[in-house]
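**Student:** One structure is given below, represented as structure tokens, and several questions about it will come after.
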Amino acid sequence: MIAARGLHKSFGALEVLKGVDLTVDSGEVVCLIGASGSGKSTFLRCLNGLERSNSGEVLIGITPLMGRETDNNKLRQRIGMVFQHFNLFNHLSALDNITLGPIRLKRTPKAQAEAEARELTALVGLADKAHAMPHMLSGGQKQRVAIARALAMKPDAMLFDEPTSALDPEMVREVLDVIRKVARDGMTMVIATHEMGFAREIADRVAFMHAGMIHEIGPPDRIFGAPREKRLQEFLSKIL
């Protein structure tokens with residue numbers, strides 16, 4: 150579904166990604182773990198073209214992202230993304246935030262888009278908040294609207310950039326429960342997270358990033374139970 154090959158990304162003199170390789174199969178859930186500043190967020194942004202790598206390539210299926218003959222805007226619609234800070238439009242209701250993309254970008258008829266959006270608000274546990282404005286919602290509710298908004302585009306895969314990092318602790322579980330539901334439905338996912346218990350539970354594979362590289366990747370039981378890489382051992386010893 151997604152393949153990254155030799156991704157390098159620098160911001161001025163700062164090299165953030167130093168040759169990242171990752172293949173994600175259809176229906177697979179891969180969690181990215183590592184300290185802040187390890188390159189997780191930049192890597193995710195490169196996977197859907199929000200950042201352009203300096204070298205290397207990303208394939209969505211067999212189509213190269215940023216290829217000369219690729220319709221990149223259309224290709225990016227196949228990869229949904231949920232950010233740390235929601236990024237909702239404050240002047241639009243929850244329902245209108247969810248329907249905006251399908252109506253504007255996919256030319257979905259308004260009645261159909263609204264019907265599908267109502268199904269999604271129910272999926273994320275916010276059926277009674279469809280007409281609420283963002284300022285009326287808690288952080289956890291805003292993030293669930295953001296997840297519904299991404300799902301409304303009917304993507305082939307979803308990227309989550311530390312989706313609970315901006316939430317109060319009591320709101321974390323409600324967002325993680327929604328992500329669990331989406332995973333059970335077979336959605337391909339790459340999730341950058343600091344929630345180690347969640348990563349161990351939901352991931353098919355866990356990738357440890359450090360200093361712009363993936364240093365170790367494998368099944369969660371091995372990554373958390375028998376880490377091989379010294380840097381991963383040190384990282385886990387500080388947080389577990």
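Every position in the sequence shown, counted from 1, becomes a number in my numbering once 149 is added. Positions of the beta carbon are idealized from the N, C-alpha and C atoms, including for glycine.
Apply the 10 Å Cβ neighbour rule to Pro368 and answer buried if 16 or more other Cβ atoms are within range, or exposed otherwise.
**Tutor:** Here residue 368 is taken as the residue at index 219 of the sequence shown, counted from 1. When all chains shown are included, Pro368 counts as exposed.
**Student:** Less than 7 Å between the CB of Ala306 and some heavy atom of the ligand NAP, yes or no?
**Tutor:** The ligand content of the structure shown is nil, which means the ligand NAP is not present either.
**Student:** Just how far apart, CA to CA, sit Ala360 and Ile151?
**Tutor:** Counting from one through the sequence shown, the residue named residue 360 turns up at place 211. Counting from one through the sequence shown, the residue named residue 151 turns up at place 2. Each residue's Cα considered, the two are about 22 Å apart.
**Student:** Measuring only the C-alpha atoms, how far is Leu156 from Leu237?
**Tutor:** Within the sequence shown, the letter at position 7 stands for residue 156. Within the sequence shown, the letter at position 88 stands for residue 237. Distance between the alpha carbons of Leu156 and Leu237: 29 Å.
**Student:** Quick check: the Cα distance between Lys118 and Lys167, rounded to an integer number of angstroms?
**Tutor:** In this structure the chain extends from 150 to 389, so residue 118 is not present and cannot be described.
**Student:** Can you round the beta-carbon distance between Phe384 and Gly188 to whole angstroms, since I take them to be within the 8 Å contact cut?
**Tutor:** Taking the first residue of the sequence shown as 1, we reach residue 384 at position 235. Taking the first residue of the sequence shown as 1, we reach residue 188 at position 39. Not a contact, Cβ separation roughly 14 Å.
**Student:** Tell me which residue opens and which closes the beta strand (DSSP E) that Ala315 is part of.
**Tutor:** Translated into positions along the sequence shown, residue 315 becomes position 166. First-last for Ala315: undefined, no H or E at that position.
**Student:** Can you look up Ile209 in the DSSP assignment and give me helix, strand or coil?
**Tutor:** In the sequence shown, residue 209 corresponds to position 60, counting from 1. It is a strand residue.
**Student:** Check whether the segment 201-221 and the segment 261-269 touch, using three or more Cβ-Cβ pairs below 8 Å as the test.
**Tutor:** No contact exists between the segment 201-221 and the segment 261-269.
**Student:** Does the segment 214-221 touch the segment 237-251, meaning 3 or more C-beta pairs lie closer than 8 Å?
**Tutor:** No, they do not touch.
**Student:** What are the residues that DSSP puts in a beta bridge with Thr172?
**Tutor:** Here residue 172 refers to the residue found at position 23 of the sequence shown. Bridge partners of Thr172: Ala152.
**Student:** By the 10 Å Cβ neighbour count, where 16 or more other Cβ atoms means buried, how is Ala153 classified, buried or exposed?
**Tutor:** Indexing the sequence shown from 1 puts residue 153 at position 4. The residue in question, Ala153, is buried, as its Cβ has 16 or more Cβ neighbours within 10 Å.
**Student:** With distances taken from CA atoms, which of Met362, Asp317, Asn222 and Glu177 is nearest Val292?
**Tutor:** Looking up residue 292 in the sequence shown gives position 143. Here the sequence assigns Gln to residue 292, which means Val is not the residue at that position. Nearest of Met362, Asp317, Asn222 and Glu177 to Gln292, Cα basis: Asp317.
**Student:** Measuring straight from C-alpha to C-alpha, what distance separates Glu164 and Phe357?
**Tutor:** Within the sequence shown, the letter at position 15 stands for residue 164. Within the sequence shown, the letter at position 208 stands for residue 357. If I take the Cα positions, the gap works out to 18 Å.
**Student:** State buried or exposed for Thr270, treating a residue as buried only when at least 16 other CB atoms are found within 10 Å of its CB.
**Tutor:** Residue numbering aside, residue 270 sits at position 121 when the sequence shown is read from its first letter. With 16 or more other Cβ atoms within 10 Å, it is buried.
**Student:** Give me the residue from Ala299, Val179, Ser175 and Asp174 with the minimum Cα distance to Ile340.
**Tutor:** Walking along the sequence shown from the start, residue 340 turns up at place 191. Answer by Cα proximity: Val179.
**Student:** Please report the residue range of the alpha helix (DSSP H) in which Met285 lies.
**Tutor:** By 1-based counting over the sequence shown, the position of residue 285 is 136. From DSSP, Met285 is part of no alpha helix (DSSP H); its letter is neither H nor E.
**Student:** What do you reckon, are the CB atoms on Ala297 and Gln233 nearer than 8 Å?
**Tutor:** By one-based count along the sequence shown, residue 297 stands at place 148. By one-based count along the sequence shown, residue 233 stands at place 84. Against a cut-off of 8 Å, the Cβ pair of Gln233 and Ala297 comes out as no contact.
**Student:** So, with DSSP's three-state summary, where would you put Gly346?
**Tutor:** Numbered from 1 along the sequence shown, position 197 holds the residue referred to as residue 346. Reduced to three states, the DSSP call for Gly346 is helix.
**Student:** What residue range is occupied by the uninterrupted alpha helix (DSSP H) comprising Gly374?
**Tutor:** Residue mapping note: residue 374 aligns to position 225 of the sequence shown, counting from 1. Element bounds for Gly374: Pro369 to Gly374.
**Student:** I'd like the span of the alpha helix (DSSP H) that includes Thr270, first residue to last.
**Tutor:** Position 121 of the sequence shown, counted from the start, is the residue given in the question as residue 270. Segment Lys259 to Leu272, the alpha helix (DSSP H) holding Thr270.
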